Amino acid sequence: MVRDDEFMAKLFFLSDIFGHLNTLNLELQGRDKTIIDLVEKLNAFQSKLSLFSSDLHLQKLLHFPQLRNFTASSSVKVTNVMSDFLIKLKDNFADRFQDFHVPKEVMMFARNPLQAITLIS
Numbered sequence: 717m718v719r720d721d722e723f724m725a726k727l728f729f730l731s732d733i734f735g736h737l738n739t740l741n742l743e744l745q746g747r748d749k750t751i752i753d754l755v756e757k758l759n760a761f762q763s764k765l766s767l768f769s770s771d772l773h774l775q776k777l778l779h780f781p782q783l784r785n786f787t788a789s790s791s792v793k794v795t796n797v798m799s800d801f802l803i804k805l806k807d808n809f810a811d812r813f814q815d816f817h818v819p820k821e822v823m824m825f826a827r828n829p830l831q832a833i834t835l836i837s
């Protein structure tokens with residue numbers, strides 16, 4: 717029974733993670749989006765991955781609703797497999813999108829040139 721619970725916990729964890737990835741995917745699609753919009757979404761998601769790791773490490777599971785509901789009704793806890801998966805996902809995003817780095821000043825200028833000039837000056 718414990719073995720099945722561990723499998724189910726991993727399944728719920730993946731379900732929550734893929735939910736977050738699906739949300740990112742939908743945010744990146746559509747018309748009238750600039751490269752700045754896309755880079756901001758990617759940067760925000762990479763920051764969220766750090767937040768997810770912290771949430772998982774502290775076992776609060778605020779960003780993992782399905783896993784939280786399951787662990788509340790079972791004795792299964794967060795495993796290293798889940799933590800390692802998040803670390804690898806974060807590293808994968810960093811490697812895959814390293815060429816998409818846009819300096820903060822350039823992004824500010826693209827969003828609002830007049831405000832960026834006054835802030836930089």
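Here the sequence shown stands for residues 717 to 837, where the numbers follow my numbering.
Think of the CB as a built atom: it goes at the ideal place given N, C-alpha and C, for glycine as much as any other residue.
Here the structure is a predicted model, which is why all the values come from computation and not from measurement.
Here residue 732 is buried: its Cβ has 16 or more other Cβ atoms, across all protein chains shown, within 10 Å.
Taking the Cβ atoms as the reference, residue 802 lies roughly 6 Å from residue 772, within the contact range of under 8 Å.
In the DSSP assignment, residue 787 falls within the alpha helix (DSSP H) that extends over 781–788. Contact check between the region 811–828 and the region 771–785: fewer than three CB pairs, one atom from each, fall below 8 Å, which does not count as touching.
Distance between residue 766 and residue 831, taken at the CA atoms: about 30 Å.
Rounded to whole angstroms, the separation of the alpha carbons of residue 829 and residue 797 is 45 Å.
Of 819, 770, 794 and 746, the smallest CA-CA separation from residue 726 is found for 794. Residue 735 and residue 789 have their C-alpha atoms some 22 Å from each other. Taken through DSSP and simplified to helix, strand or coil, residue 739 comes out as helix.
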